[in-house]
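J.: Taking this note's numbering, I'd label the letters of the sequence shown as residues 201 to 392. Yeah, the Cβ is synthetic: ideal placement off N, Cα and C, and Gly gets one too. A quick note: this is a predicted structure, and the numbers were derived from the prediction, not measured. I'd like to ask you about the structure that follows.
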Amino acid sequence: MTHNADTHKQCSKCKEVKERGEFATRKDSKDGLRGGCMVCLSKWRKKHYWETRELRLAESNRHHKENKDKINESRRNYRLQNLEKVRAEERVASARPNNRARMKEYNKRYRAENGDEIRAHQREYCIKNRVIISAKASKYYLDNKVMMRIKGRQRYANNMVLNQEKARIYRIEERKTQLTLVLLNEIRKVAK
Ligand SMILES: [Zn+2]
């Protein structure tokens, strides 16, 4: 298929001939454009984003853990050196009319409008990453097993004390009722 190279270009991915305006620019290429059209580029970006998501998260977690002290210190230093600026930014942020509510509203609308697409994405994501997801859950369980057990025992112990206390109060009330009846009986006998 021939086309006018001044106005058109064939996409290297989908092979469609499209107008030059449908390609993103690239300074170091022969014709000043990227090989793939913008539709293909955006598809690739989406796919790439999801495919590399776990890796990126793991990498950033690792980096953060390994450099926690350094990161915290540099944040502290930045804050101290730019105190006025940081405070002004914080004031602006907190004065903004309920950003959180606006985001919530926006997300709600977005989910309502794109529910099917989001669910499809999540399904695909779960299928693709099921090994990672189940490994994470197992690791979480192992990491928190001891803690969960301690908390469970504490809850049990707390409830036991509470239940014992309730039972004690109940027994006292019962005894008081019995004594009242005995007293009433005696009073009646004396009155006769
Ligand atoms: Zn294309």
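#1: Grab the span of the alpha helix (DSSP H) containing H264 for me, first residue to last.
#2: In the DSSP output, what is H208 paired with across the bridge?
#3: Indicate, with yes or no, if ligand 1 has a heavy atom lying under 7 Å from the CB of V217.
#4: Using 10 angstroms around the beta-carbon of C240, count the other beta-carbons present and answer buried if the total reaches 16, otherwise exposed.
#5: Could you spell out the range, first to last residue, of the beta strand (DSSP E) harbouring R234?
#6: Assuming K366 is part of the alpha helix (DSSP H), what are its boundary residues?
#7: For C237, which residues of its own chain have a beta-carbon under 6 Å away from its beta-carbon, when the five flanking residues on both sides are left out?
#8: I need the residues with a C-beta less than 5 Å from some heavy atom of ligand 1; please give them in chain order.
#9: According to DSSP, which residues form a beta bridge with T225?
#10: Would G235 and T225 qualify as a contact pair, given that the criterion is a beta-carbon distance under 8 Å?
#11: Do the CB positions of R220 and K213 come within less than 8 Å of each other?
T.: So, from the listed chains and residues:
#1: The continuous alpha helix (DSSP H) containing H264 extends over residues R253 to E266.
#2: As DSSP reads the structure, H208 sits in a beta bridge with E219.
#3: Taking non-hydrogen atoms of ligand 1 into account, the C-beta of V217 is found less than 7 Å away from none of them.
#4: That one is buried.
#5: Unbroken beta strand (DSSP E) run through R234: L233 to C237.
#6: Membership of K366 in the alpha helix (DSSP H) is indicated by the continuous run R330 to A391.
#7: Contacts found: C211, K218, E222 and F223.
#8: Screening all residues for a C-beta within a distance smaller than 5 Å of any heavy atom in ligand 1 leaves C211, K213, C214, C237 and C240, in chain order.
#9: Bridge partners of T225: L233.
#10: It is not a contact, given that the beta carbons lie outside the stated cut-off.
#11: For R220 and K213, no; Cβs fall outside 8 Å.
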